[in-house]
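Encoded as structure tokens, the structure appears first; notes follow it.
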Amino acid sequence: MRALRLKPPLVAALVLIASGAAYAARESGDRARAEQLLGSLGSADPALVSEPVSNAKAALKRANDMRAASDLEHAELTEGIAYEWAATAGDLTRAAKSEAEVQKLETQLKDVETKKLRAQALLEETIARRERAKGKLRDFEEPKSKSDAGERSAEEPAAKAPAAPAKGAK
3 MRALRLKPPL VAALVLIASG AAYAARESGD RARAEQLLGS LGSADPALVS
53 EPVSNAKAAL KRANDMRAAS DLEHAELTEG IAYEWAATAG DLTRAAKSEA
103 EVQKLETQLK DVETKKLRAQ ALLEETIARR ERAKGKLRDF EEPKSKSDAG
153 ERSAEEPAAK APAAPAKGAK
């Protein structure tokens, strides 16, 4: 069989075309990631992310101009800068959400601490009332027990008194 022989200039042209198409079709670079992040920031607070978003968009525009001028190396670096600005905007958005959540949790914590203090005060008040009631109960029972003891002591000598003369009478 006769082997297929391609001429070197034709091979070089095919390689260049294939690599150019692959380079143009790639979507995993900084440009794609920056554009994806910028697209996801649509619902973010504009006052918070306006500066990083505008800087990212400006960097992407500069990268386009550099690519048009065939300065691919600097275009890629500028796309990296655009990605960093877009990531900064995303970080600011996440930080703002985290701060709002922390503020909500601090409010809940303050409410729980207030409830705890109220419950503790109520418990202390209840304990104090119980102790006062115990004291009043003791005060109420002591005079009664003293009067009962006095009655018993008065009854005991009277009961013993007749018994004593009876023994002496025999």
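At position 111 of the sequence shown (counting the first as 1) the number is 113 in my numbering, and the numbers step up by one without a gap. Cβ coordinates follow ideal geometry from the N, Cα and C atoms, glycine included. Nothing here was measured: the structure is a model prediction, and the numbers come from that model.
(request) Keeping to the same chain, check which residues put their C-beta closer than 7 Å to that of Thr190; ignore five residues upstream and five downstream. (result) No answer is possible for residue 190: it lies beyond the span of the chain, which begins at 3 and ends at 172.
(request) Evaluate Ala58 with the Cβ neighbour count: other Cβ atoms within 10 Å of its Cβ, from every protein chain shown; 16 or more gives buried, anything less gives exposed. (result) Here the question's residue 58 lines up with position 56 in the sequence shown. Buried, since its Cβ has 16 or more Cβ neighbours within 10 Å.
(message) Once the 5 residues before and after Thr80 are set aside, which same chain residues still bring their CB inside 7 Å of it?
(response) What you label residue 80 is simply residue 78 of the sequence shown in a count that begins at 1. Cβ within range, chain order: Ala61, Arg64, Ala65 and Met68.
(message) Distance check for Asp73 and Ala34, CA to CA, integer angstroms please.
(response) Taking the first residue of the sequence shown as 1, we reach residue 34 at position 32. Taking the first residue of the sequence shown as 1, we reach residue 73 at position 71. Using only the alpha carbons, I get a separation of about 18 Å.
(message) Tell me whether Leu62, by its Cβ, gets closer than 7 Å to a heavy atom of the ligand PLP.
(response) Summarising the ligand content, the structure contains no ligands, and the ligand PLP is consequently not present.
(message) According to DSSP, is Ala102 part of a helix, a strand, or is it coil?
(response) As a working note, residue 102 is residue 100 in the sequence shown. Helix, per DSSP.
(request) Report all residues from its chain with a CB closer than 6 Å to the CB of Ala88; omit the five preceding and five following residues, and keep chain order. (result) To locate residue 88, count along the sequence shown from 1; it is residue 86. These residues qualify, in order along the chain: Ala36, Leu39, Leu40 and Ala58.
(request) Consult DSSP for Ser56 and reduce its assignment to one of helix, strand or coil. (result) For the purposes of this step, residue 56 is taken as residue 54 along the sequence shown, with counting starting at 1. Here Ser56 sits in helix by DSSP.
(message) Quick check on Asp113: buried or exposed, where buried means 16 or more other Cβ atoms within 10 Å of its Cβ?
(response) The sequence position of residue 113 within the sequence shown is 111, counting from 1. With fewer than 16 other Cβ atoms within 10 Å, it is exposed.
(message) My output table needs one value for Ile19: the three-state DSSP class, helix, strand or coil.
(response) Indexing the sequence shown from 1 puts residue 19 at position 17. In the structure shown, Ile19 sits in a helix (DSSP, three-state: H, G or I).
(message) Once DSSP output is grouped into helix, strand and coil, what is the label at Gly177?
(response) Nothing can be reported for residue 177: it is not among the residues displayed for the chain, which extend from 3 to 172.
(request) Counting only the same chain and skipping the five closest in sequence on each side, list residues whose C-beta sits under 8 Å from that of Glu115. (result) Taking the first residue of the sequence shown as position 1, residue 115 is located at position 113. No residues qualify anywhere along the chain.
(message) So for Asp47, helix, strand or coil by DSSP?
(response) Taking the first residue of the sequence shown as position 1, residue 47 is located at position 45. In the structure shown, Asp47 sits in coil (DSSP, three-state: anything other than H, G, I, E or B).
(request) Pick helix, strand or coil for Asp73, following the three-state DSSP scheme. (result) Here residue 73 refers to the residue found at position 71 of the sequence shown. Correct three-state label for Asp73: coil.
(message) Restricting to Cα atoms, I'd like to know which of Gly31, Leu139, Gln110 and Asp47 is closest to Leu94.
(response) Residue 94 sits at position 92 when you count from the first residue of the sequence shown. For the residues Gly31, Leu139, Gln110 and Asp47, the minimum Cα distance to Leu94 belongs to Asp47.
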